[in-house]
Each structure stands twice: as structure tokens, then as C-alpha cells.
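A short worksheet on the structure shown next.
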Amino acid sequence: RMRPGATLAIVDFKKDAPADAPGPPAAMRIADAEVTAALIRLGFAHVRTDRTLMPYQYLVLLRREP
Numbered sequence: 028r029m030r031p032g033a034t035l036a037i038v039d040f041k042k043d044a045p046a047d048a049p050g051p052p053a054a055m056r057i058a059d060a061e062v063t064a065a066l067i068r069l070g071f072a073h074v075r076t077d078r079t080l081m082p083y084q085y086l087v088l089l090r091r092e093p
């Protein structure tokens, strides 16, 4: 359980990464927009998404709403 105002960080592999990129196969990856939408439905607020920080992964930051 997260306290209201806490930040959740998700790091996962980009859905559109090249086929030879490390990580799971493309069929097992989920796009950052899908992750964000699912967590918003659960009561989180989107803080930011960074797709440039890492070559094959993305970072999504969300905040737990009160």
C-alpha cells in the first residue's frame, strides 16, 4: 500500500525498440502510454514519462493521489 503523495517509478522496455534490443520479445512488452493509462485508472496522477534517458527502456513517474 502506498501513502498518498508517494511517487511510483516504472522502468520497462520500450514496445517499439529494435528487434535485436535486449530484454523480452516485443510481444511481451507494454507501451508506456498503456502503463500510464492503467495506473491513472487506479488513482495515480501522471508526473512525467522519459523515453530518452535509456536506449531501450522508458521511465514513467506517477504520484499516488489522496
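Residue numbers (the numbering used here): 28 to 93. By construction, the Cβ of each residue, glycine as well, lies at the ideal position given by its N, Cα and C atoms. A quick note: this is a predicted structure, and the numbers were derived from the prediction, not measured.
According to DSSP, simplified to helix, strand and coil, what is residue i?
i	result
Leu88	strand
Arg68	helix
Thr79	coil
Asp47	coil
Ala53	helix
Ala60	helix
Between residue i and residue j, is the Cβ-Cβ spacing less than 8 Å?
i	j	result
Thr63	Thr79	no
Pro49	Tyr85	no
Val74	Arg90	yes
Ala65	Lys42	no
Would you grab the beta carbon distance between residue i and residue j for me? Rounded to a whole angstrom, and I think it's under 8 Å.
i	j	result
Ala54	Ala46	The Cβ separation is near 11 Å, so there is no contact.
Leu88	Ala36	6 Å
Phe40	Arg56	5 Å
Per DSSP, which one or two residues make a beta bridge with residue i?
i	result
Val38	Leu86
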